[in-house]
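Residue numbers (the working numbering): 31 to 326.
Yeah, the Cβ is synthetic: ideal placement off N, Cα and C, and Gly gets one too.
Working notes, structure below.
If you want it as structure tokens, here you go:
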């Protein structure tokens, strides 16, 4: 399977029309149709449903589009990473970032790094930790910014010395908003919105005790932004960490930490035993220096 043919496939998937795709690719329509037919034959499956005015992807076609896009992304990374020297770095560094206060470091670090290497740019991908790690494992992200308790043993780790306080996001109109901190017992019988990830639930269960399992959980979430609407509308109490959501108070919500205090540590991670591009190595060194830590 040639990357060139996959590029043809992605163009057709985007244009939804063979003629327009052929014009975009500067090849003839019969040539493009033949290449697509050979691709379907090679994979042993139908990739398109051909209608009168447009073509659409089959389920297998949608799967191939995702995989082909990943392959194109990897090809671009390979092309960027070779032919560089330390004195003339260029390319794109991809950072996967979970919801954490440590992400506030990125603008300053990126700006100061680009003062030394202006040809380097950055792509920041925000998602839950498991998806960030999946992209690192696939080579689609160079480094990740994560918080415990995620499994990070298979990665190189730089502990940042930054901790996020765990607590509850709630409406400023809630009676609990008058408290400086809250306990698990304060949430008894109240509508709670909890993180759905098993590792996070186990973390809270171990830290907060049996009261966690007695909570009135009305919904679960993977990212805080949509869950925060429960707090904004005074309809739920949302488990989160302090650095996960900006704009509290301004949007009618407040964050209250747990008592006893509960914290999660932030880490910079990258894949073990995998050669890094010169730009990524330099950025990790830069991150280490400015964060005030020794390199691992």
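Express the C-alpha separation of residue j and residue i in angstroms, rounding to a whole number.
i: residue 201; j: residue 238; result: 22 Å
i: residue 302; j: residue 166; result: 10 Å
i: residue 265; j: residue 285; result: 15 Å
i: residue 272; j: residue 244; result: 23 Å
i: residue 186; j: residue 299; result: 5 Å
i: residue 296; j: residue 88; result: 41 Å
i: residue 48; j: residue 39; result: 10 Å
i: residue 289; j: residue 213; result: 5 Å
i: residue 151; j: residue 308; result: 13 Å
i: residue 188; j: residue 287; result: 26 Å
i: residue 163; j: residue 178; result: 13 Å
i: residue 209; j: residue 260; result: 19 Å
i: residue 50; j: residue 312; result: 43 Å
i: residue 119; j: residue 170; result: 19 Å
i: residue 56; j: residue 46; result: 16 Å
i: residue 104; j: residue 216; result: 49 Å
i: residue 318; j: residue 146; result: 16 Å
i: residue 137; j: residue 306; result: 22 Å
i: residue 59; j: residue 44; result: 16 Å
i: residue 211; j: residue 121; result: 46 Å
i: residue 32; j: residue 99; result: 13 Å
i: residue 144; j: residue 234; result: 39 Å
i: residue 63; j: residue 153; result: 35 Å
i: residue 83; j: residue 54; result: 18 Å
i: residue 263; j: residue 135; result: 31 Å
i: residue 236; j: residue 106; result: 44 Å
i: residue 75; j: residue 240; result: 52 Å
i: residue 71; j: residue 95; result: 16 Å
Taking the beta carbon of residue i as the centre, do at least 16 other beta carbons fall within 10 Å, making it buried, or is it exposed?
i: residue 79; result: exposed
i: residue 172; result: buried
i: residue 283; result: buried
i: residue 232; result: exposed
i: residue 81; result: exposed
i: residue 294; result: buried
i: residue 257; result: buried
i: residue 320; result: exposed
i: residue 274; result: buried
i: residue 52; result: buried
Which one of the options has the shortest CA to CA distance from residue i?
i: residue 108; options: 318, 314, 72, 310; result: 310
i: residue 174; options: 294, 123, 268; result: 123
i: residue 85; options: 120, 60, 42; result: 42
i: residue 23; options: 267, 296, 168, 318; result: The structure shown does not extend to residue 23, since the chain is modelled only from 31 through 326, so no value can be given for it.
i: residue 304; options: 119, 229, 184; result: 184
i: residue 315; options: 222, 236, 142, 51; result: 142
i: residue 270; options: 63, 206, 230; result: 230
i: residue 73; options: 240, 62, 93; result: 93
i: residue 61; options: 163, 34, 215; result: 34
i: residue 161; options: 147, 182, 144; result: 182
i: residue 148; options: 242, 104, 139; result: 139
i: residue 248; options: 218, 64, 274; result: 218
i: residue 126; options: 235, 155, 136, 274; result: 155
i: residue 281; options: 153, 203, 58, 240; result: 203
Would you mind giving the Cβ-Cβ distance between residue i and residue j, rounded to the nearest angstrom? I have them listed as a contact below 8 Å.
i: residue 36; j: residue 101; result: 6 Å
i: residue 206; j: residue 246; result: At roughly 14 Å, the Cβ-Cβ gap does not stay under 8 Å, so residue 206 and residue 246 are not in contact.
i: residue 77; j: residue 91; result: 4 Å
i: residue 268; j: residue 158; result: Contact doesn't hold; Cβ gap of about 15 Å is too wide.
i: residue 196; j: residue 292; result: 4 Å
Kindly say whether residue i, judged by its beta-carbon, lies nearer than 8 Å to any beta-carbon of chain C.
i: residue 233; result: Note that chain C does not occur in the displayed structure, where there is just one protein chain.
Exercise. Counting Cβ pairs closer than 8 Å, one from the segment 186-197 and one from the segment 128-137, do we hit at least three?
Worked result: Touching, per the Cβ criterion.
Exercise. Touching or not, the segment 210-230 and the segment 252-268, by the rule of three or more beta carbon pairs under 8 Å?
Worked result: At 8 Å Cβ cutoff, the stretches touch.
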